[in-house]
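Participant: Numbering (the numbering used here), first residue to last: 890 to 2050. Dropping the structure in here first, questions after.
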Amino acid sequence: MAKSKMRARWQLAASALALSIGASLGLASPASALVPNDTVGAGGGVDVDNEWAGVAQMWNRRLNANGGVSNFVCTAQLINPRTVILAQHCTAGVTDERYTPGDGSHMGFSFNPLDSLTGFDLWRRNFVPGGPIQNPFTGTWRSNAAIGFYNALQVNSVFNVTEPFPGGDIMTATLDIPVIGLPTYGMLFSPLSGPTHAAVVGHGATGDGTNGPFIGLDFKRRAGENMIDGLFSQNDYVAGVFNVPGAAFTDLNNNPTVESAQLLYHIDMDRENRNANDCVRGEFFGTGNGNDIVCNTGPFGGFQPVTWDGTSGILTGDHIDWFPGDALPNEASTAGGDSGSALFADQIYERPLVTGVLSGGWVSGFFDPAGGYGSESYYNPLFLFRDWLVANNPYVYAESRGGNGNWSDPRHWEQTMDPNYFYIDQHGRVQNGLPRAGEPGYFADAPKWGTVFDQEIPTDVEGDTGPNELTPQAAAAPTAAGELHQVNFVGEYRDAADETEGPALGEQGRRDRGVTAGVGSPTGPGSRLFVPNNSFGAFGTWDGDEDGIARFFDITLDRGGTTRVDMNVEIDKLSITGNGARLDVLAGRQLNTLIALEQHRGAANVDGALNAREYMLWGGFLTGRGAITTQTLFNVNGVLSAGGLDSVGTMTINGDYVQTTFGDMVVNVRRQGGVITNDFLMVNGGASLAGDVYVAPVNSQSRARFGDIYTVLHGTTVVGNFDDVELIGAGHSLFAESVVRAGGNVDVVVQARRLGHHFAGTTFQSLGQALDTLRWGGNFTNFQGLFDVVDSASLPAFDGMMFRLTPANAFETVPLAVRYSQGFTQGLDMRTAELRAGVRGLSDQSVARGMSIVGAGATGADGFTPGAGRAPTNERLGFFITGQGNFTSVGDEAYEGDRYNPTHMTAFSTSDMTAGVDYRVNEHMAVGVATTLSRYLTRDTETGVTPMDHTGYGAMLYGTAWDDAWNLDAYVGVARHEYEMARVPGQDWRNDIDAAPGAVQSLAGVRAGYSFEPISGLRIGPTVGLAYSSLELDGYREFGAEDFALEVAGRTVDSLTAETALQFNYMPVNEAGRAPFAAYGRVGYVTELGDDVDFVSAHFIGAPDVGFGVSQMLDREWIAASTGFSYKMNENFQAFLQASTDSGRGELSNTAVQAGFTFDF
């Protein structure tokens, strides 16, 4: 690959060293490159901590024309899991297409930092220790990830051997399997603009700064540091060294060569204790130009002194500093075997970036003494060949474009930005992406920067002057004769087991692919209309099409929509990252992801086959009835549900399953015809369990029941257990435990809490104990419907559910009887007030309750007695009728919270009618008899259910006596109450239980009052009274909803109340007589002396021997108050408003407000 031109009797030989620099360098601890400085020491700087794990030693087994094999080494670095980048000349003259299976030449890469030779030997023996070396044509050349050795499937270079060295000396190699777990390095596609710190890493020959690479290859990785000192061409370098503006290498026809004008990055190795004044430029060889460079301290280069065109000469030692700047602590140089290594800019970004790959250096003896101190190395910049690298990158990052679509639809996909593409923006910041400006290209002449010794590039050495013949000067005689040339120094390894070396096979088979050769679809970020599927054949190897670029895919599903896998697919990696993204592997289809499937969000459903080396369920949902083959499925923080989220099925994992503390499993359960089926996870491997499992019914009939056992998982071995089991849709009474069986099954066992313990000390303790007896006493199956309600109630609703199981409406019979007695006695109150007021004859008070009380004490002198008919003053026989009625739609429910309250029904109606006849014994006493009929009806207007229908009727004897200031009233009576009730044990009113109990009530009471008139028209005074009621309630049997139906025992509730009250009536008098306005008020304090609790005993009809009781406390004290107002418009029309209440009486409280009018015809 020589390029040469005789210049003069002094010769300058430039040799491209086969150099190797590694990936990124962490300099936390001392490290040095392949040729470290003397301080680090000979052979030092080994990467023992594997900090540069993504840097490999390349092994090239070249098939020679004579059938022999030569072995060469270089250095390469990962730029993605499938691709390494290195120098093209590492092929040792073999064209790209020869590195294919069965074509003779082979390339492999070892990532072992301490011994790459063993991996190489095993690779060439097909990984059989001590076995025969494979035939180059018929052998099986493959990777072995277990020892970190990877086989090249395909190589691609910019010019494919057609361009002389070092022009476009860049190559990528595609590996036949992905590299997993090793770092990859970013590529910088913008030129550096000034000196930049760099890490250099390589597998090449080693030694020290003084002696150069005298130790040679030892197959270890070393790391060090240096400074990127310039961006310029080889022509610029020699122009600066010899101060010959416009100096250029030429070909045999004396034409300037393109490759020598290509921009390159440059570094040199500075001596750590260098004498800065040891080397100077001046007049030393008598050329008369003052451009010579001479150092005072040897050793000197073996070929020196040397000149370019006779106008200047150099004699340099190891104190020479070609590119200004002092040595770094871990300064290192490059040597044979380092070719292809990266020049890492390691301090401009958060991780190292590849700026270029090592092509070579100048032959020792021309510009430096021994290949150590004073040596220089040059690198092919990536930014010149950005478009080629992007278009030919075999690793494609792509994503779905959103929406629902099939995997096989090319319109569904778009190539995204490679995470290892970087550029420098206008503000000097490193960004992921590609520069907006076009690629400079191979022929770019800018940008240039740097200084060669004392000459600034480009300003000092640029010019149009071509090379001139040198006039020999005796003082500067050449130390070596021959051709001015550059030589590739690729590390070579000789082994007697291989055949003899010969010229490379394929030298005559070169083909020019050009800079854009091998471009396929997808060709870079934004590309569309392709189908992601690893393209080296259907689950095989590259088909050998020399123009085809193997493609491997890393797919991300981030946008919303479902991607259906409708074809067999193999990719390297799949990530699901979007909340709305969903993957659906259809039944009968197979998806292979060779590195891993990482799911962070979204959903994946596998009804077909999914093969992933590793499945990381970081989040989101995983469902399906298919099979997942993987080393391990890690459920870190996701939800796994065999079948579907709302259906039952079996999922198979061929591999291990690990569920962490934050991982969840959902098990769907279906109950049909008495048969239970549930989700099942079959793990053909070990299962390590933690986290929670949720048992979810697919419908209301499938909710968990006491005693259910669900086998949810089977593993070859099971370690740990689920942390908790949650029963979805089940009530507070049920819980479940996960039980690991000896055979590898994991069962969820549904159990129940003791309700008697749960409700200890509460009104429901007795019912809870009865339910416990039914559940564990052999009656659970017979009362399945009952327990379905009990075991479905949540904790907040649990008390309400228990209340509905009791004969709750039995308690409502008492307030309705109290209401009946209140209505009866209030009617009598109104009548006795009328009698005291002098009303005689017929009284019609139908709606005007309290009107006569308001008018109590009126003389009737004005011809008006409110609410009463006109009768002769001597009439002794009287009649009265009082009544009220209403219909109310209150828009509420029958239950106030969890308590039944008939006054909060959706709709209710009431009516009361009291009629009586009495006899005025004298002007201060009257006696009578009355009867009352009361109706109360509640109704749900939506369902038509009538929870309560009450009818009360009875008779009563009464009497009253009075004088001007005091009065005494008394009564005694009996009543019958008939009820029709509908009890609702669940939340649904349509599933009600009916009953028709009855009751007999005995009533008696006495009241005394005193009043006086402090001002005209106002009478006020106290009253005291006793009221007695004995309510004997019949036992009854409910019918309907057999599991819930109760038989309720009869009971008696006795009440004796003492009341102290203050009442007034006001009817002002003016000159015309009585004023049209009247008012009445009464407030009393009532004390209960009778029963303080209403206790109801019952049992479920199907279990007569399991009884329970519930009770309701009766208030002992309360306030009874009433008030009324009336206004007389004229002789025939009068309006009124009145209200009454029992405040603080709890369940027996009753409040009424009425308005009305009377009109006399």
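C-beta atoms are modelled at their ideal positions from N, C-alpha and C, and glycine is treated no differently.
How many angstroms separate the CA atom of VAL962 from the CA atom of ALA981?
Facilitator: So the alpha carbons of these two residues sit roughly 10 Å apart.
Participant: Using alpha carbons as the reference points, say which of ALA1987, PHE1989, ASP2004 and GLY1991 lies closest to LEU1978.
Facilitator: Ranking ALA1987, PHE1989, ASP2004 and GLY1991 by Cα distance to LEU1978 puts ASP2004 first.
Participant: Under the DSSP definition of a beta bridge, which residues are partnered with MET1837?
Facilitator: Per DSSP, MET1870.
Participant: Can you name, in chain order, every residue of its own chain whose Cβ lies under 8 Å from the Cβ of ALA1930, other than the five neighbours on each side?
Facilitator: So the list reads GLY1674, PRO1874, ASN1880, ASP1881 and ILE1882, once near-sequence residues are dropped.
Participant: Determine the extent of the alpha helix (DSSP H) in which TYR1126 is found, giving its start and end residues.
Facilitator: Taken as a continuous stretch (DSSP letters only), the alpha helix (DSSP H) holding TYR1126 covers 1123–1131.
Participant: Do the region 1069–1076 and the region 1323–1337 make contact, defined as three or more Cβ pairs closer than 8 Å?
Facilitator: Verdict: no, contact absent.
Participant: Would you check if the distance between the CB atom of ASP845 and the CB atom of TYR1286 is smaller than 9 Å?
Facilitator: Within the shown structure, residues of the chain are numbered from 890 to 2050, placing residue 845 beyond reach of any answer.
Participant: So, is GLU1172 buried or exposed, given that buried needs 16 or more other C-beta atoms within 10 angstroms?
Facilitator: The residue in question, GLU1172, is exposed, as its Cβ has fewer than 16 Cβ neighbours within 10 Å.
Participant: So, helix, strand or coil for THR1244, using DSSP?
Facilitator: Residue state, collapsed to three classes: strand.
Participant: Looking only at its chain, what residues have a beta carbon closer than 6 Å to the beta carbon of PHE1611, apart from the 5 residues adjacent to it on each side?
Facilitator: Excluding sequence neighbours, PHE1611 sits near LEU1578, VAL1582 and SER1627.
Participant: Kindly list the residues whose CB is nearer than 7 Å to the CB of ASN969, restricted to its own chain and excluding five residues on each side of it in sequence; keep chain order.
Facilitator: Around ASN969: THR1073, TYR1284 and ASN1309.
Participant: CA-CA distance, THR1389 and PHE1256?
Facilitator: Residue placement at THR1389 cannot be trusted, given a pLDDT of 35 that sits under 50; the coordinates are not used to answer.
Participant: Are the beta-carbon atoms belonging to LEU1602 and VAL1572 less than 9 Å from one another?
Facilitator: Against a cut-off of 9 Å, the Cβ pair of VAL1572 and LEU1602 comes out as a contact.
Participant: Among the candidates HIS1647, THR1695 and ALA1686, whose CA atom is the shortest distance from the CA of GLY1998?
Facilitator: Taking only the C-alpha atoms, the option nearest GLY1998 is THR1695.
Participant: Quick one: grab the DSSP three-state call for PHE1255.
Facilitator: Here PHE1255 sits in coil by DSSP.
Participant: Taking all protein chains shown into account, do 16 or more other C-beta atoms lie within 10 angstroms of the C-beta of TRP1855, making it buried, or fewer, making it exposed?
Facilitator: When all chains shown are included, TRP1855 counts as exposed.
Participant: Can you pull the DSSP bridge partners for ARG1453?
Facilitator: ASN1295 and ASP1473.
Participant: For VAL1779, which residues in the same chain have their Cβ closer than 6 Å to its Cβ, ignoring the five residues on either side in sequence?
Facilitator: Reliability fails at VAL1779, whose pLDDT of 42 lies under 50, so the model's placement of it is uncertain and the value that follows must be treated cautiously. Cβ within range, chain order: n/a, list empty.
Participant: Locate the alpha helix (DSSP H) running through HIS1155, then write down its first and last residues.
Facilitator: Run containing HIS1155: none in the alpha helix (DSSP H); it sits in the beta strand (DSSP E), 1153–1157.
Participant: Residue range of the alpha helix (DSSP H) that VAL1341 falls in?
Facilitator: From DSSP, VAL1341 is part of no alpha helix (DSSP H) but of the beta strand (DSSP E) over 1338–1341.
Participant: Who are the Cβ neighbours of VAL1818 in its own chain at under 8 Å, not counting the five residues just before and after it?
Facilitator: Contacts found: GLY1805, VAL1806, ASP1807, ALA1844, MET1845, LEU1846 and TYR1847.
Participant: If VAL1246 sits next to ALA976, beta carbons under 8 Å apart, how far is it from one beta carbon to the other, in whole angstroms?
Facilitator: 5 Å between Cβ atoms; contact.
Participant: Considering only the beta carbon of each residue, do MET1306 and LEU1323 sit closer than 9 Å?
Facilitator: Yes. Within cutoff.
Participant: Use the C-beta contact count for GLN1590: other C-beta atoms within 10 angstroms, 16 or more gives buried, fewer gives exposed.
Facilitator: GLN1590 comes out exposed.
Participant: Of the choices GLN966, THR1651 and ASN1811, whose alpha-carbon is the least far from that of ARG1725?
Facilitator: Measuring from the Cα of ARG1725, the nearest candidate turns out to be ASN1811.
Participant: Give a yes or no on contact between the region 1036–1043 and the region 1192–1200, applying the rule of three or more CB pairs nearer than 8 Å.
Facilitator: No, the region 1036–1043 is not in contact with the region 1192–1200.
Participant: Check each candidate in TRP1030, ALA1234 and THR1099 and name the one with the smallest Cα separation from GLU1114.
Facilitator: The residue with the shortest Cα to Cα distance from GLU1114 is ALA1234.
Participant: Taking buried to mean at least 16 other C-beta atoms within 10 Å of its own C-beta, is GLY862 buried or exposed?
Facilitator: An answer regarding residue 862 cannot be provided, because it is not within the stretch 890 to 2050 covered by the chain.
Participant: How close, in whole Å, do the beta carbons of GLY1712 and SER1823 come, if the pair is a contact with beta carbons under 8 Å?
Facilitator: About 6 Å separates the two Cβ atoms, so the contact holds.
Participant: Are GLY1657 and GLY1645 closer than 9 Å when you measure CB to CB?
Facilitator: Contact: yes.
Participant: Give me the Cα-Cα distance between ALA1697 and THR1651, rounded to the nearest whole angstrom.
Facilitator: For ALA1697 and THR1651, the distance between alpha carbons rounds to 15 Å.
Participant: Output the distance between the C-alpha atoms of GLN1023 and ASN1219, rounded to the nearest integer angstrom.
Facilitator: So the two alpha carbons sit approximately 41 Å from each other.
Participant: Among all the DSSP beta bridges, which residues are the ones paired with PRO1957?
Facilitator: Paired residues: none, contrary to the question.
Participant: Report all residues from its chain with a CB closer than 6 Å to the CB of LYS1109; omit the five preceding and five following residues, and keep chain order.
Facilitator: Only VAL935 and LEU1003 meet the Cβ criterion.
Participant: What does the Cβ neighbour count give for GLU2006, buried or exposed, with the cut at 16 atoms within 10 Å?
Facilitator: Its Cβ having fewer than 16 others within 10 Å, GLU2006 is exposed.
Participant: Please list, in chain order, all residues of the same chain as ALA1916 whose beta carbon is under 6 Å from its beta carbon, the five residues on each side excluded.
Facilitator: Here the set comprises GLY1894 and THR1946.
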